[in-house]
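The numbering used here puts the sequence shown at residues 292 to 769. Think of the CB as a built atom: it goes at the ideal place given N, C-alpha and C, for glycine as much as any other residue. This one's a predicted model, so the numbers in the text were calculated from it and none came from an experiment.
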Amino acid sequence: MKVWKKQKGLLVRTMICAVSLAAACFYGNSLPAQAAPRAQETGERVVIVIDPGHGGDNEGTLEGPAQEKKMTMVTALAMYEELTKYDNVDVYLTHTDDVTMSLADRAQFAADRNADFLFSIHYNASMDHDLFGSEVWISSVQPYNAYGYQFGWEQMQQMQDMGLFLRGVKTKLKDNGDDYYGIIRESTSRSIPSAIIEHCHVDESRDTPYCQTEEDWKKFGREDALSVAKYFGLSSASLGVDYSGEADALPEVSLQSILPATVRDKTEPDICQLTLQNADYETGEVSLEVTAADYDCPMMYYDYSTDGGRTYSELLPWPGLDIMAGTYPDTFTFSVTFTKGEQPVITVRGYNQADLFTESDPVTFAQPFIDQEKAAEEALQESLAAQEAAEASRAAEEQITEAGSSVITMADAAGNTPVPSEKSPEVNFGVFLVICGILVVLLLLVFLLYQIQQGRHRKRRRKNQSRKVSGDNRNHPR
Numbered sequence: 292m293k294v295w296k297k298q299k300g301l302l303v304r305t306m307i308c309a310v311s312l313a314a315a316c317f318y319g320n321s322l323p324a325q326a327a328p329r330a331q332e333t334g335e336r337v338v339i340v341i342d343p344g345h346g347g348d349n350e351g352t353l354e355g356p357a358q359e360k361k362m363t364m365v366t367a368l369a370m371y372e373e374l375t376k377y378d379n380v381d382v383y384l385t386h387t388d389d390v391t392m393s394l395a396d397r398a399q400f401a402a403d404r405n406a407d408f409l410f411s412i413h414y415n416a417s418m419d420h421d422l423f424g425s426e427v428w429i430s431s432v433q434p435y436n437a438y439g440y441q442f443g444w445e446q447m448q449q450m451q452d453m454g455l456f457l458r459g460v461k462t463k464l465k466d467n468g469d470d471y472y473g474i475i476r477e478s479t480s481r482s483i484p485s486a487i488i489e490h491c492h493v494d495e496s497r498d499t500p501y502c503q504t505e506e507d508w509k510k511f512g513r514e515d516a517l518s519v520a521k522y523f524g525l526s527s528a529s530l531g532v533d534y535s536g537e538a539d540a541l542p543e544v545s546l547q548s549i550l551p552a553t554v555r556d557k558t559e560p561d562i563c564q565l566t567l568q569n570a571d572y573e574t575g576e577v578s579l580e581v582t583a584a585d586y587d588c589p590m591m592y593y594d595y596s597t598d599g600g601r602t603y604s605e606l607l608p609w610p611g612l613d614i615m616a617g618t619y620p621d622t623f624t625f626s627v628t629f630t631k632g633e634q635p636v637i638t639v640r641g642y643n644q645a646d647l648f649t650e651s652d653p654v655t656f657a658q659p660f661i662d663q664e665k666a667a668e669e670a671l672q673e674s675l676a677a678q679e680a681a682e683a684s685r686a687a688e689e690q691i692t693e694a695g696s697s698v699i700t701m702a703d704a705a706g707n708t709p710v711p712s713e714k715s716p717e718v719n720f721g722v723f724l725v726i727c728g729i730l731v732v733l734l735l736l737v738f739l740l741y742q743i744q745q746g747r748h749r750k751r752r753r754k755n756q757s758r759k760v761s762g763d764n765r766n767h768p769r
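Written out as C-alpha cells, the structure is:
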C-alpha cells in the first residue's frame, strides 16, 4: 500500500509537470511576455461612448444595495465627467435617462458617432452568490479581440489597485460560435470595439464593501476613466497628467486569431489531488497539500469539505494566482483545525477560470480528534477537585494541629513538659502517637483518682450506716 501511494504520488506529480509544461506552451504566444504599443489606431481625437448597462424595464441584478441600472448610471456619469477633463477626446453617453434601450440601438448610437470604443458599464452577481472579483468581457473576433484584451489589461490593473480579486479578460461564445453578449455582438457587427466592465459581485461579502454607496459607484467610474486614459495614452492640462507613454506599455497581442488567454474553457481542471501532510490529534491541527492543474486556463478558486462533500467552505482565491499572466502554482498547502471531537472526511475542489471544478479523493482519519471544549471542561473539573482535596487536606492538618495544641496544654497543666520538635512545628504521625499516649495516661490517672474518691465515699457511707444501726439499737432495745 505504501509503495502504491508513493507511485501514485509520483505519477500525479509527473502528470502535473507535463500539464504545466503544455500549458506554458499553450499560453506562450498570448501572455504579456513583453510590452508592446497599442494595437488599435485612432485619429487625432478619440471618440468614446459610455453605455450605462440596463435601464427602463431592464433593472439588472437586484441583489446589491440598489437596482443595477441605478448603480451603472451613477458610475457612467462619473466616468463621463472624468474623461471630459482630458484633451482631444469626445465623450458620449448612450442614454442619461432611465429608459428601455435595445442593445442594437446602443451599438448604433456608437456607430453613428464613429466611436473608437464602446464601454458597457455593469455590476455582477452569481447564481449561488459565491463568486467574487472583477472581470472584462470582450469580442472573440479579431482585431476587436486584441483591442479588448489590451484595454482589459489596463482595467484589471486599476481594479487590482483598488484591492479587488481579478477574474481576467475573457470571451464567451454561443453554441453557434458567435459572441454570447449582445452588446459585444452588435458592436462588432458595426465595426466598433467594445468591452463589458463587470466591476464586482454585489452579492458576495468580499466584494460588497466596494459598492455600498453612490460614492463607491462614482469611484469605479473615475477608475474606469483612468483605464481608458491610459489605454488611449490621453493627457490633460487641467489635471496635469500625461499617459501618452502608457499606450506603448501594453501586453503584446496578435491580430491574426483569437488570443488563447481570452478563450473560455469548457472542461473541468485536469487534476485535483489532496494529500495529508500532518495531523495532530491533541491540538486538532491538520495540514493538507493540494495539487491541481488545468491544461486550458489558470486555476482560480478552491474550496474544501470536512464532511465528505455534503457541505463546503466558501470559495477561496487560488494562492499565488496571476490571472493576467496565466500563471499559478500547481501545489500549495492549507490548514484546518478541529476542536469538537470530529472524525472528518476531507475533500477539496479546484476551480478553473471558467468556474468549473474537479473534486479530489477524500482524506480520512483513523480516530476522532480530541474535543477541546470537553477536554477543557474535564481539566477544569480535575483542577477544581484537586483544589477541594488540597483544601480538605489543609483543614485536616489544621484540626490535628489544634488537637495537638490542646493536648500539650493539658499536659502542661498536669505538670508534664512537652518536648519541642527540632524539625517542624507541624504535627506528624509520631507526635500524634505520643499525644495519644499522654491522653491515655491522663485518662488512667483521672480514672484512678475517681476510683479512689469513690472508694473513700463508699467507706464513709458504710461507717455512717454502722453508726445509725448502733444508735437505733440503743434507742429501741429488744
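Alpha carbon to alpha carbon, how far is residue i from residue j?
i	j	result
Gly762	Ala694	Since pLDDT at Gly762 reaches only 49, below the 50 mark, its modelled position is unreliable, and the value read off the structure follows with that caveat. Rounded to the nearest angstrom, the two C-alpha atoms are 56 angstroms apart.
Leu612	Gly632	35 angstroms
Ala313	Asp585	Because the pLDDT at Ala313 is just 48, under 50, the model does not fix this residue reliably, and the value given afterwards should be weighed accordingly. Answer to the nearest angstrom: the Cα atoms are 10 angstroms apart.
Val432	Val554	11 angstroms
Met590	Ala437	23 angstroms
Val731	Val725	10 angstroms
Phe317	Tyr522	Its pLDDT being 43, under 50, Phe317 is placed unreliably in this model, and the value from its coordinates should be taken loosely. Cα to Cα, the separation comes out at about 26 angstroms.
Ser712	Thr692	Any answer about Ser712 is weak, because its pLDDT of 49 lies below 50 and its placement is not dependable; what the coordinates show is given next. Their backbone Cα atoms lie some 13 angstroms apart in a straight line.
Arg749	Leu733	24 angstroms
Leu530	Asp571	59 angstroms
Val627	Trp508	37 angstroms
Tyr371	Gly424	24 angstroms
Thr618	Arg458	13 angstroms
Leu667	Leu675	The question names Leu, but residue 667 is Ala in the sequence shown. Going by the C-alpha atoms only, they are around 12 angstroms apart.
Ala516	Val581	40 angstroms
Glu673	Tyr593	43 angstroms
Ser485	Gly439	7 angstroms
Ile483	Asp470	14 angstroms
Cys588	Ala670	52 angstroms
Tyr435	Ala552	14 angstroms
From which residue to which residue does the alpha helix (DSSP H) around residue i run?
i	result
Asp459	Looking at the sequence provided, one finds Gly at residue 459 rather than Asp. Run containing Gly459: none in the alpha helix (DSSP H); it sits in the beta strand (DSSP E), Leu457 to Lys461.
Arg397	Leu394 to Asp403
Val340	Counting along the chain, Val340 falls outside any alpha helix (DSSP H), though it belongs to the beta strand (DSSP E) covering Val337 to Pro343.
Phe656	No alpha helix (DSSP H) contains Phe656, which DSSP labels as neither H nor E.
Gly346	Neither: Gly346 is in no alpha helix (DSSP H) and is coded neither H nor E.
Val390	That residue, Val390, is in no alpha helix (DSSP H); it is neither H nor E in DSSP.
Do residue i and the ligand GTP come close, with the Cβ less than 7 angstroms from some heavy atom?
i	result
Thr566	Although the ligand GTP was asked about, the structure shown includes no ligands whatsoever.
With residue i as the anchor, note down where its beta strand (DSSP E) starts and where it stops.
i	result
Leu374	No beta strand (DSSP E) contains Leu374, which is instead part of the alpha helix (DSSP H) from Glu359 to Leu374.
Sort the options by Cα distance to residue i and report the nearest one.
i	options	result
Thr558	Ser578, Gly641, Gly473 and Ser548	Gly641
Gln564	Val554, Ala583, Met453 and Ser548	Ala583
Val380	Ala398, Asn405, Asp389 and Lys360	Asn405
Glu335	Ser526, Gln441 and Leu647	Ser526
His345	Ala401, Ala552, Ile474 and Glu573	Ile474
Gln663	Gly575, Val731, Thr375 and Thr479	Gly575
Glu688	Val722, Arg747 and Glu668	Val722
Phe408	Lys750, Ser518 and Cys588	Ser518
Val338	Glu372, Gly347, Leu368 and Ala401	Ala401
Glu505	Ala357, Glu445 and Glu373	Ala357
Val636	Ala667, Glu350, Leu579 and Ala680	Leu579
Lys463	Glu669, Gln672, His492 and Ala645	Ala645
Lys461	Ala570, Asp494, Thr618 and Ile549	Ile549
Tyr595	Asp571, Leu457, Val654 and Glu477	Val654
Ile429	Phe423, Tyr619, Gly443 and Leu422	Gly443
Ala415	Leu735, Asp389 and Asp494	As written in the sequence, residue 415 is Asn, which differs from the Ala given in the question. When only C-alpha atoms are compared, the closest one is Asp494.
Asp421	Glu354, Ser478, Ala398 and Glu372	Glu354
Tyr472	Ser411, Gly599, His492 and Asp452	Ser411
Asp652	Thr597, Glu359, Glu332 and Glu426	Thr597
Gln331	Asp539, Thr602, Arg397 and Glu373	Asp539
Arg329	Ser535, Leu541, Asp396 and Ala520	Leu541
Arg601	Leu607, Asp561 and Glu650	Glu650
Ala395	Cys502, Ser480 and Gln690	Ser480
Asp403	Val340, Thr630, Gly599 and Thr566	Val340
Asp621	Val544, Leu736 and Ile562	Ile562
Give me whichever residues DSSP pairs with residue i in a beta bridge.
i	result
Gly641	Tyr593 and Thr649
Lys631	Asp662
Ala327	Leu541
His492	Asn415
Asn379	In DSSP, Asn379 forms no bridge with anything.
Gln526	The displayed chain sequence assigns Ser, not Gln, to residue 526. Paired residue(s): Asp533.
Ser485	Leu409
Gly625	One point to set straight first is that residue 625 is Phe, not Gly, in the sequence displayed. Answer by DSSP bridge pairing, in chain order: Leu579.
Val636	Asp598 and Thr655
When you compare the CB of residue i with every CB in chain D, is at least one pair closer than 8 angstroms?
i	result
Gly536	This model lacks chain D altogether, as it is built from one protein chain only.
Open item on the list: Quick check for students: name the residue ranges of the alpha helix (DSSP H) that lie wholly in the stretch 402 to 472, counting only runs of 4 or more.
Closed with: 435 to 453, all fully within the stretch 402 to 472.
Open item on the list: If we require 4 or more residues per run, which alpha helix (DSSP H) segments fall completely within the stretch 540 to 623?
Closed with: Entirely contained in the stretch 540 to 623, not one alpha helix (DSSP H) run reaches 4 residues.
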